[in-house]
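J.:
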Amino acid sequence: MTLAYRRKRLGDILVAKGVVTQEQINDLLSRTDGRGKRIGELLLDEGMLTEEALARAVADQRDLAYHDLSDFMIARRFFEKIPVELMERYQFIPVEDSGDALVIAMADPNNIVAIDELEMIINRPLDIRVSALSAIRASLKRSGSSERVMHTVSEDFKLHIVKEQEEGVEEILSLESIDKDGSPIIKLMHTTIFDAIQRRASDIHIETTDRNVVIKYRIDGVLYNATDPIDVKFHSAIVSRIKVMSELDIAERRVPQDGRFKLRTGTKTIDFRVSIMPSAFGEDVVIRILDKESITHGVNVLKLDSLGFDETDLRKFRRNIREPYGMVLVTGPTGSGKTTTLYAAIS
Numbered sequence: 017m018t019l020a021y022r023r024k025r026l027g028d029i030l031v032a033k034g035v036v037t038q039e040q041i042n043d044l045l046s047r048t049d050g051r052g053k054r055i056g057e058l059l060l061d062e063g064m065l066t067e068e069a070l071a072r073a074v075a076d077q078r079d080l081a082y083h084d085l086s087d088f089m090i091a092r093r094f095f096e097k098i099p100v101e102l103m104e105r106y107q108f109i110p111v112e113d114s115g116d117a118l119v120i121a122m123a124d125p126n127n128i129v130a131i132d133e134l135e136m137i138i139n140r141p142l143d144i145r146v147s148a149l150s151a152i153r154a155s156l157k158r159s160g161s162s163e164r165v166m167h168t169v170s171e172d173f174k175l176h177i178v179k180e181q182e183e184g185v186e187e188i189l190s191l192e193s194i195d196k197d198g199s200p201i202i203k204l205m206h207t208t209i210f211d212a213i214q215r216r217a218s219d220i221h222i223e224t225t226d227r228n229v230v231i232k233y234r235i236d237g238v239l240y241n242a243t244d245p246i247d248v249k250f251h252s253a254i255v256s257r258i259k260v261m262s263e264l265d266i267a268e269r270r271v272p273q274d275g276r277f278k279l280r281t282g283t284k285t286i287d288f289r290v291s292i293m294p295s296a297f298g299e300d301v302v303i304r305i306l307d308k309e310s311i312t313h314g315v316n317v318l319k320l321d322s323l324g325f326d327e328t329d330l331r332k333f334r335r336n337i338r339e340p341y342g343m344v345l346v347t348g349p350t351g352s353g354k355t356t357t358l359y360a361a362i363s
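Numbering (my numbering), first residue to last: 17 to 363.
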């Protein structure tokens, strides 16, 4: 690919724009002796320049357009042709397809070798725009994490919804038979629930903000992010899917709703209790995982010694639970291990 270069130096452009003064540049060069870096990198290191200002100056220098990536999400059609890993390796964002060329945004249009390699890999001519490196990475994180989550699913893992009929006979509905086209939302819920069970989470939290959906697991009383934030455009479909599984009203979004569902994996049936609460940015969801078989199994294998008690506290606790009368109160926040402690105590 051939780029039209301007002869003007980057430092001169920054001075002309009023971003820095010539005296500041001279002083910086005298103090650093160049450090083997370009002037833009030196100014960034010294905090005298923002990445956006640098990107705009580079765009002017190379006679290219600057592209603002604030809140930019990569269109899903690009992921079908360009792997996320390739975008991360070359630090670029596909912006649009103009027909004649693929428009991409990158921070360093001077890297002709990388641009030539990309053209050969993608097999398309490229129309280069310039964006701040931090904005490119942020957009890749937003878009790439959503895409990975939507496509990541365990191939050998199958869940089935279990519905109880009036006669008490269980009717098993395969999620695959409900949605044979492999909806990304089905895959997302498969992966989320399976991962939560594998990590022995007590709850799954689905929270929404003005920009993202955040999925968290509560493990041993502590909330952990399950994935990177997912684009908020998936929020409605995620909540609707949970409502369908829980037999709740998908049209009602203004009042709290509670429901439950069962899933069977292999020979094990697990209960899930669902709470949906309206919030400022949409509906938040909490799914409590009630694995009865694990709890029953825990009665036989749980020991107080394995719960992490301080030795002195353990002696006090054991002495108190053996008293012939009185009461021992076990308190704590959701998922902190109250039930686990009680089962360990009676074992």
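We put the beta carbon where it would ideally sit given N, CA and C, even for glycine.
What are the boundary residues of the beta strand (DSSP E) that residue 333 is part of?
T.: In the sequence shown, the residue the question calls residue 333 occupies position 317. It is not in any beta strand (DSSP E) - residue 333 instead sits in the alpha helix (DSSP H) that spans 327–337.
J.: Pick helix, strand or coil for residue 56, following the three-state DSSP scheme.
T.: Sequence index remark: in the sequence shown, residue 56 carries index 40 (1-based). Looking at residue 56 - three-state DSSP - the assignment turns out to be helix.
J.: Indicate whether residue 155 and residue 98 have their beta-carbon atoms separated by less than 8 Å.
T.: Within the sequence shown, numbered from 1, the residue matching residue 155 stands at position 139. Within the sequence shown, numbered from 1, the residue matching residue 98 stands at position 82. Cβ distance not < 8 Å, so residue 155 and residue 98 don't count as in contact.
J.: Please go through the same chain and pick out, in chain order, the residues whose beta-carbon is closer than 8 Å to the beta-carbon of residue 226, but skip the five residues on each side of it.
T.: What you label residue 226 is simply residue 210 of the sequence shown in a count that begins at 1. Hits under 8 Å: 248, 297.
J.: How many angstroms separate the CA atom of residue 206 from the CA atom of residue 32?
T.: Start at 1 with the first residue of the sequence shown, and residue 206 comes out as number 190. Start at 1 with the first residue of the sequence shown, and residue 32 comes out as number 16. Going from the Cα of residue 206 to the Cα of residue 32 covers about 56 Å.
J.: Ends of the alpha helix (DSSP H) at residue 240?
T.: Here residue 240 corresponds to residue number 224 of the sequence shown, with the count starting at 1. No alpha helix (DSSP H) contains residue 240, which is instead part of the beta strand (DSSP E) from 238–241.
J.: List the endpoints of the continuous beta strand (DSSP E) containing residue 221.
T.: Taking the sequence shown and counting its residues from 1, the one referred to as residue 221 is at position 205. Segment 219–224, the beta strand (DSSP E) holding residue 221.
J.: Judging by CA-CA distance, which residue of 280, 144, 58, 218 is the nearest neighbour of residue 355?
T.: If you number the sequence shown from 1, residue 355 lands on position 339. Per the Cα distances, 218.
J.: What is the rounded straight-line gap between the Cα of residue 53 and the Cα of residue 136?
T.: Counting from 1 along the sequence shown, the entry for residue 53 is found at position 37. Counting from 1 along the sequence shown, the entry for residue 136 is found at position 120. For residue 53 and residue 136, the distance between alpha carbons rounds to 29 Å.
J.: Compute the beta-carbon to beta-carbon distance between residue 73 and residue 26, rounded to the nearest angstrom, for a pair I have assumed lies under 8 Å.
T.: As a first step, residue 73 must be located in the sequence shown, where it is residue number 57. As a first step, residue 26 must be located in the sequence shown, where it is residue number 10. That belief holds up - the Cβ atoms of residue 73 and residue 26 are roughly 6 Å apart, short of 8 Å.
J.: Can you tell me the Cα-Cα spacing of residue 344 and residue 325, whole angstroms?
T.: In the sequence shown, counting from the first residue as 1, residue 344 sits at position 328. In the sequence shown, counting from the first residue as 1, residue 325 sits at position 309. Each residue's alpha carbon lies about 16 Å from the other.
J.: Please state the DSSP three-state secondary structure of residue 190.
T.: Within the sequence shown, numbered from 1, the residue matching residue 190 stands at position 174. Confidence at residue 190 is low in this model, with a pLDDT of 49, below 50, so the placement of that residue is unreliable and no value is reported for it.
J.: Use the C-beta contact count for residue 328: other C-beta atoms within 10 angstroms, 16 or more gives buried, fewer gives exposed.
T.: Residue mapping note: residue 328 aligns to position 312 of the sequence shown, counting from 1. By the 10 Å Cβ count, residue 328 comes out exposed.
J.: Using 8 Å for Cβ pairs, my map puts residue 119 next to residue 129. What's the rounded Cβ distance?
T.: Translated into the one-based positions of the sequence shown, residue 119 becomes position 103. Translated into the one-based positions of the sequence shown, residue 129 becomes position 113. Wrong, their Cβ atoms sit about 20 Å apart, outside the cutoff.
J.: Checking the sheet assignment: what are the DSSP bridge partners for residue 146?
T.: Sequence index remark: in the sequence shown, residue 146 carries index 130 (1-based). 82, 122, per the DSSP bridge assignment.
J.: So for residue 47, helix, strand or coil by DSSP?
T.: As a working mapping, residue 47 is identified with position 31 in the sequence shown. It is helical.
J.: Would the beta-carbon of residue 58 fall within 8 Å of that of residue 36?
T.: As a first step, residue 58 must be located in the sequence shown, where it is residue number 42. As a first step, residue 36 must be located in the sequence shown, where it is residue number 20. No, the Cβ-Cβ distance between residue 58 and residue 36 is not below 8 Å.
J.: Does the stretch 233–244 come close enough to the stretch 209–223 to have 3 or more Cβ pairs within less than 8 Å?
T.: Touching, yes, given that three or more Cβ pairs across the two stretches are closer than 8 Å.
J.: Work out the CA separation of residue 131 and residue 142 for me, nearest whole Å.
T.: Numbered from its first residue, the sequence shown carries residue 142 at position 126. Numbered from its first residue, the sequence shown carries residue 131 at position 115. If I take the Cα positions, the gap works out to 8 Å.
J.: Alpha carbon to alpha carbon, how far is residue 241 from residue 277?
T.: By one-based count along the sequence shown, residue 241 stands at place 225. By one-based count along the sequence shown, residue 277 stands at place 261. Spanning the two alpha carbons is a distance of roughly 24 Å.
J.: Less than 6 Å between C-beta atoms, sequence neighbours within five positions excluded: which residues of the same chain meet that for residue 151?
T.: Indexing the sequence shown from 1 puts residue 151 at position 135. Closer than 6 Å at Cβ, skipping near neighbours: 85.
J.: Can you give the Cα-Cα distance for residue 64 and residue 39, rounded to whole angstroms?
T.: Here residue 64 refers to the residue found at position 48 when the sequence shown is read from its first residue. Here residue 39 refers to the residue found at position 23 when the sequence shown is read from its first residue. The alpha-carbon atoms of residue 64 and residue 39 are separated by roughly 13 Å.
J.: Secondary structure at residue 352, three-state DSSP: helix, strand or coil?
T.: In the sequence shown, residue 352 corresponds to position 336, counting from 1. Three-state result, residue 352: coil.
J.: Measuring CA to CA, which of 251, 208, 202, 237 is closest to residue 224?
T.: Counting from 1 along the sequence shown, the entry for residue 224 is found at position 208. The shortest C-alpha separation from residue 224 is found at 251.
J.: Let me make sure I understand the geometry here. Which of 335, 294, 153 has the alpha-carbon closest to that of residue 270?
T.: What you label residue 270 is simply residue 254 of the sequence shown in a count that begins at 1. Considering only alpha carbons, the answer is 294.
J.: Could you give the DSSP three-state label for residue 261: helix, strand or coil?
T.: Along the sequence shown, read from residue 1 onward, the residue named residue 261 stands at position 245. In the structure shown, residue 261 sits in a helix (DSSP, three-state: H, G or I).
J.: What is the residue span of the alpha helix (DSSP H) that residue 203 lies within?
T.: For the purposes of this step, residue 203 is identified with residue 187 of the sequence shown, where counting begins at 1. Element bounds for residue 203: 200–214.
J.: Taking DSSP's pairing of strands, which residues face residue 299 in a bridge?
T.: Counted from its first residue, the sequence shown places residue 299 at position 283. DSSP output for residue 299 lists 294 as bridge partner(s).
J.: Taking the alpha carbon of residue 88 as the point to measure from, which residue in 139, 228, 133, 77 has its own alpha carbon closest?
T.: Position 72 of the sequence shown, counted from the start, is the residue given in the question as residue 88. The option with the nearest alpha carbon to residue 88 is 228.
J.: Drop a sphere of 10 angstroms on the beta-carbon of residue 362, count the other beta-carbons inside from all chains shown, and report buried for 16 or more, exposed for fewer.
T.: The residue labelled residue 362 in the question sits at position 346 within the sequence shown. Exposed.
J.: Leaving out five residues before and five after residue 75 in sequence, what residues of the same chain have Cβ atoms less than 7 Å from its Cβ?
T.: Reading the sequence shown from its first residue, position 59 is the one you call residue 75. Excluding residues within five positions, the ones whose Cβ falls inside 7 Å are 81, 82, 146.
J.: Classify residue 357 as helix, strand or coil using the three-state DSSP reduction.
T.: Mapped onto the sequence shown, residue 357 falls at position 341. Helix at residue 357.
J.: Work out the CA separation of residue 61 and residue 67 for me, nearest whole Å.
T.: The sequence position of residue 67 within the sequence shown is 51, counting from 1. The sequence position of residue 61 within the sequence shown is 45, counting from 1. The straight-line gap from Cα to Cα measures roughly 11 Å.
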